Amino acid sequence: MRFQITLATTAAAAMLIAAAAARGDLGCIALASLSAFSGANLSSGVVDRRRRNEIENATAAAYKRGSSTAENASQARFDEIMSEHKRALDRAANEAATGGYERATRLLNLEHSRNVSALKADHEQALASLTRELQATRNQCDELSGRIANHRTEQAKLDRDRGQLKREQESLEKFKNQLTELRLNYKHQGEQARRDQGTIAALRSRLSDLEKAIRSEHERGIKVGAADQLKADEDRLARADLEIATLKAKLTEMSVLLDRRRRAAKFEESLPALDKALGSPKPLLIIGSQGSGKALTLANALSAFAGGEPILPVVLDISEARDPDSSWSRLGVPATDNPELFLRFVERLVTNLESRAHRNNRAAYDSQPWIFPIIDEALCAFDSLTKEDIEGRLAPSLRALESRGHKRKVLPCLLTQNAQIQNLKARGVSTWNTGVLSNFTHIRLNDALASSITIEDTNLDPALAAYLEINEGKFIACIEKDSARGRVKIAIKHPSHHGQSLIDTCPRSGITGLELAAPPAYFPREIASLFGVSAWGGNGEAAVSLTNLDQPESPPALDCDEVATPSTPADLAKQYGLTSLDVSAILDAIDDGLTMSKTCTEAINATKNSKRYRAARSLYQSLTA
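Using the working numbering, count along the sequence shown one by one with no gaps and you end on 940.
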């Protein structure tokens, strides 16, 4: 009985422990454990006392005699009961733990199912909400993309309009400069005409005085010393003949000059400017002696190619790159005298050529700036490089830019004093050859043009001979281009010194200023730093114009070789802003000079044919016989 009570108490406590463990209630676990232990002790205590009373009653008589034996037996029985109680407690705990674990597992699975269902419902609701928000966001993105595309289109149109406005403003400024120059030329021509008119008036007065003197001498008659008087008359007539001949020669010279000026002005009207004759962008070769204006011609060509937009020119000039008075410094073009650095720059261009927009991608192509690697003094620019670098690095890089660069707005340019192929060598290696240079646009200046003209050239274009004759002793220029008739030379106006004498090296023609763009990241650091110390530094400062160079306050007066007079009085008045009265006065002065010469000649001939002159001459001859 006592074992059943103890087992029941222990089993109940074990079930409480299992249930509390399933719930995770630590307080209940501790309370159940205490109850089990107390119950077990209580049951054990009741059984022990009852048994002890029975033993004491049964052995009362023999207490003294078997007290030791009874105590030992009682202790053994107590130990047996405690062992059995412990085993029963362990079995009850195991059974309670097993049943509680299964129940806890069922409760956990049930709770997990409820939590999963709730989480799934919440997840589906949140997913639906996020889907709606994502769709709304996509709609807003589509709307914003449309607005951005419209904005970019309007911005591109605005940029084109700004570029067009800028080009029109530059054209207007150039026209104003030309008008100012024409007015100055007219002023000097007017002064020259007034001086000529004064000379003619003086000659008229002198002829009138001579005529009066002749009449006076003949009216006196032949008096004493008739022979001497006749000789004096003849001397006067001879001097008059000499003065008339001189006047005729001067008038003839003026007539020839006027005719030459008229023919030259008519020729000038058909002479194209550099930007009109260049055509599509191609690599440039500019040939000319020192001081012929190669740098300024190149600046005009680059400005024409770029249409006035910012560009990225880099010059290799081994002699004047560091000179603050060089043309590159005055034009603000970044320059270096280090061939190795320039070679690395060219290699970087070739490496990154494919990263630039192709001309078929028109919008991106138009938005990127032109890059112009420029080699000055091409005859000796790379003499410091090794033969291996020239053959293995320089030549392939230049060929790549020359053949593929213009498709991605990269054009190499050469400046040289001599274009002979055998001279364009470095370390014995031909850096350029005839086939390569045939793809270049050639611009010849001054001696380089005059010495290259052949009979075949004049047969192809008879105007070349007239151009050289009219501009003898002046700055000249031409462009060599391919045509159906072969390689032809086209005479053009010299971009910076048109109409100037070769000894007048200070340019008077306005040069369109170059504006630099910011260099890309793949430029070598030393090259990029050149843009930082140049005239603009890539930071949007105003472009340098050749009009900032030292110039005379006004152009010198026209000499007898200069050609500026149009072919008709109307053209003269239109070109130089003259009135019709001014034009008539100039032409009348010339005609009056011719008429005066004719009148003087007729007066002398009439005097020689008069009776008085013949009588005086006969008397003189008789006296001297």
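We treat Cβ as the ideally placed atom computed from N, Cα and C, and that holds for glycine. Note that the structure is a prediction, hence the values are computed from the model and not measured.
key: 8 Å CB neighbourhood of R708 in its chain, flanking five on each side removed   = As a working mapping, residue 708 is identified with position 393 in the sequence shown. Correct list, in chain order: L658, E662.
key: Cβ contact (3+ pairs, closer than 8 Å) linking the segment 626 to 634 and the segment 775 to 794   = no
ask   = Residues in its own chain within less than 6 Å of R650 by CB, not counting five upstream and five downstream?
value = Locating residue 650 in the sequence shown gives position 335, where the first residue counts as 1. The displayed chain sequence assigns Ala, not Arg, to residue 650. For A650, where only same-chain residues beyond five positions count, the Cβ hits under 6 Å are V630, D632, A636, W643.
key: Chain-order list of residues whose beta-carbon lies under 7 Å from that of Y837 (same chain, five-residue window excluded)   = Here residue 837 refers to the residue found at position 522 of the sequence shown. Here Y837 has R663, N667 as same chain residues with Cβ atoms under 7 Å from its own Cβ, once five neighbours each way along the sequence are excluded.
key: Buried versus exposed, by CB contacts within 10 Å (16 or more), S670   = As a working note, residue 670 is residue 355 in the sequence shown. Looking at its Cβ environment, which holds fewer than 16 other Cβ atoms inside 10 Å, S670 is exposed.
query = For W643, which beta-bridge partners are listed by DSSP?
reply = Here residue 643 refers to the residue found at position 328 when the sequence shown is read from its first residue. W643 pairs with nothing; no bridge assigned.
inquiry  = Looking at L593: is its Cβ nearer than 8 Å to the Cβ of L729?
reply    = Taking the first residue of the sequence shown as 1, we reach residue 593 at position 278. Taking the first residue of the sequence shown as 1, we reach residue 729 at position 414. Against a cut-off of 8 Å, the Cβ pair of L729 and L593 comes out as no contact.
query = At which residues does the alpha helix (DSSP H) containing I791 begin and terminate?
reply = Here the question's residue 791 lines up with position 476 in the sequence shown. No alpha helix (DSSP H) contains I791, which DSSP labels as neither H nor E.
key: Backbone CA spacing between E399 and F393 [nearest angstrom]   = Within the sequence shown, residue 399 is the residue found at index 84, counting from 1. Within the sequence shown, residue 393 is the residue found at index 78, counting from 1. Computed Cα separation, rounded: 10 Å.
key: Beta-bridge pairing of I626 - partner residues as DSSP gives them   = Along the sequence shown, read from residue 1 onward, the residue named residue 626 stands at position 311. Note: I626 sits in a beta bridge opposite W685, L831.
ask   = Given 8 Å as the limit, is there contact between the segment 595 to 613 and the segment 756 to 774, that is, 3 or more CB pairs closer than that?
value = yes
ask   = Is the segment 812 to 822 touching the segment 770 to 777 in the sense that three or more CB pairs, one from each, lie closer than 8 Å?
value = With a cut-off of 8 Å, the segment 812 to 822 and the segment 770 to 777 do not count as touching, because too few Cβ pairs lie within range.
Contact belief for L829 with S618 at Cβ below 8 Å, rounded distance in angstroms = For the purposes of this step, residue 829 is identified with residue 514 of the sequence shown, where counting begins at 1. For the purposes of this step, residue 618 is identified with residue 303 of the sequence shown, where counting begins at 1. So it is a contact: roughly 6 Å between Cβ atoms.
task = Quick one: using the 10 Å Cβ neighbour count with 16 as the cut-off for buried, is T746 buried or exposed?
result = For the purposes of this step, residue 746 is taken as the residue at position 431 of the sequence shown. Classification for T746: buried.
task = For P665, collect the residues of the same chain with a Cβ closer than 6 Å to its Cβ; drop the 5 residues on either side in sequence, then sort them by chain order.
result = Locating residue 665 in the sequence shown gives position 350, where the first residue counts as 1. The sequence shown places Val at residue 665, rather than the Pro named in the question. If we look at V665 and ignore the five residues flanking it on each side, its Cβ neighbours are S712, A715.
key: Inter-residue Cα distance where the pair is N748 and F582   = Position 433 of the sequence shown holds residue 748. Position 267 of the sequence shown holds residue 582. Each residue's alpha carbon lies about 36 Å from the other.
request  = Would you list the residues sitting across from A806 in a DSSP beta bridge?
outcome  = Residue 806 sits at position 491 when you count from the first residue of the sequence shown. Answer by DSSP bridge pairing, in chain order: C793.
inquiry  = Assuming T756 and I794 are in contact, meaning their beta carbons sit under 8 Å apart, how far apart are those beta carbons, in whole angstroms?
reply    = Locating residue 756 in the sequence shown gives position 441, where the first residue counts as 1. Locating residue 794 in the sequence shown gives position 479, where the first residue counts as 1. Yes, they are in contact, since the Cβ atoms of T756 and I794 sit about 7 Å apart, within 8 Å.
query = Are the CB atoms of L589 and A621 nearer to each other than 8 Å?
reply = Translated into the one-based positions of the sequence shown, residue 589 becomes position 274. Translated into the one-based positions of the sequence shown, residue 621 becomes position 306. Against a cut-off of 8 Å, the Cβ pair of A621 and L589 comes out as no contact.
query = Taking DSSP as the reference, what is the three-state secondary structure of V744?
reply = On the sequence shown, residue 744 is found 429 positions in, with the first residue counted as 1. It is a strand residue.
message = With DSSP as the reference, identify every bridge partner of V725, one or two as the case may be.
response = What you label residue 725 is simply residue 410 of the sequence shown in a count that begins at 1. According to DSSP, V725 bridges with I686.
key: Reference A614; option with closest CA among N675, L566, L557, P688   = In the sequence shown, residue 614 corresponds to position 299, counting from 1. Of the candidates N675, L566, L557, P688, the one whose C-alpha sits nearest the C-alpha of A614 is P688.
ask   = Do V744 and E706 have their C-beta atoms closer together than 8 Å?
value = Position 429 of the sequence shown, counting from 1, holds the residue named residue 744. Position 391 of the sequence shown, counting from 1, holds the residue named residue 706. Yes.
Where G814 falls: helix, strand or coil (DSSP) = Counted from its first residue, the sequence shown places residue 814 at position 499. Coil.
ask   = In three-state terms, what does DSSP make of H942?
value = Residue numbering for the chain in the displayed model covers 316 to 940; residue 942 lies beyond these limits and cannot be assessed.
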